[in-house]
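Right, one structure below, let's go through it.
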Amino acid sequence: MKFNAYLSRIEYSESYWTSIIIIPDTIFDKMILLSPNKRVICTLNNTIRFHCGMIPKGTYHYIMLNKERIKILNIDENKEVLVALTPDKSEFGFEICEELQEVLFSDPDGELLFKKLTSGKQRSIIYLISKTKNSQLRIEKSFVILEHLKRNKGKFDPILFQEDCRKFGAQNKF
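Take the sequence shown: its letter number 30 is residue 69 in this note's numbering, and every next letter is one higher.
Below, the structure is given as structure tokens:
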């Protein structure tokens, strides 16, 4: 479903603002029937495409945009944007990188623990791995994630995970 909208900003606290695109109620009402979990694939100005959620706020729903996407689009607040939403039918609601997929395939016990996590935690982990630019580091982080889940009985703690990554890096320097 396509619509035109404007880039807006909302305040979460005195010092934290985020950029959003408000989804018209008529579009949201149709999209929720196609995607009850509120996960969609968003295309902006026929330029960038990304997985996201339709987030509720008071009486409306919105899509959040990060600085990188705003920079790519070269838009400012109150500028019009062409938005196209399609239901996200992917397994995790986020595109999983090949490295993580292969590591999950190679470690059935780790994969089982990963799949027991909430979908939000799964997406967070997929994002953490995918945003890493180097393929070798994505593989290493994937292994560290699964070992982290095994050691913590299936629980994911982002702070402990960062510590695990630092330890892994220190132990494996050449």
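C-beta: ideal position from N, C-alpha, C; glycine also.
Beta carbon of residue 135 nearer than 7 Å to that of residue 102: The count along the sequence shown starts at 1 and reaches residue 135 at position 96. The count along the sequence shown starts at 1 and reaches residue 102 at position 63. No, the Cβ-Cβ distance between residue 135 and residue 102 is not below 7 Å.
Alpha carbon of residue 117 to alpha carbon of residue 127, nearest angstrom: As a first step, residue 117 must be located in the sequence shown, where it is residue number 78. As a first step, residue 127 must be located in the sequence shown, where it is residue number 88. Between residue 117 and residue 127, the C-alpha separation is close to 27 Å.
Distance between beta carbons of residue 92 and residue 77, contact taken as under 8 Å: The sequence position of residue 77 within the sequence shown is 38, counting from 1. The sequence position of residue 92 within the sequence shown is 53, counting from 1. 5 Å between Cβ atoms; contact.
Segment limits, alpha helix (DSSP H) that includes residue 182: Locating residue 182 in the sequence shown gives position 143, where the first residue counts as 1. Its alpha helix (DSSP H) spans residues 174-190.
Residue 92 - DSSP class collapsed to helix/strand/coil: Locating residue 92 in the sequence shown gives position 53, where the first residue counts as 1. Residue 92 sits in a strand when the DSSP states are folded into three classes.
Given residue 150 as reference, the closest of 174, 167, 176, 187 once Cα atoms are compared: Counting from 1 along the sequence shown, the entry for residue 150 is found at position 111. Closest by alpha carbon: 187.
Residue 31: first and last residue of the uninterrupted alpha helix (DSSP H) it sits in: Examination of residue 31 is not possible in this model, given that the chain is present from 40 through 213 alone.
Range covered by the beta strand (DSSP E) that runs through residue 59: The residue given as residue 59 occupies position 20 in the sequence shown. Following the DSSP letters along the chain, one finds residue 59 inside the beta strand (DSSP E) bounded by residues 55-62.
Own chain residues within Cβ distance below 8 Å of residue 131, not counting five before or after: For the purposes of this step, residue 131 is identified with residue 92 of the sequence shown, where counting begins at 1. Correct list, in chain order: 158, 161, 162, 165.
Residue range of the unbroken alpha helix (DSSP H) whose run includes residue 109: Indexing the sequence shown from 1 puts residue 109 at position 70. Here the alpha helix (DSSP H) through residue 109 covers 106-112.
Proximity winner among 74, 178, 156, 145, relative to residue 129 (alpha-carbon distances): Translated into the one-based positions of the sequence shown, residue 129 becomes position 90. For the residues 74, 178, 156, 145, the minimum Cα distance to residue 129 belongs to 74.
Secondary structure of residue 40, DSSP reduced to three states: On the sequence shown, position 1 is the one that residue 40 refers to. Here residue 40 carries a coil assignment [DSSP, helix/strand/coil].
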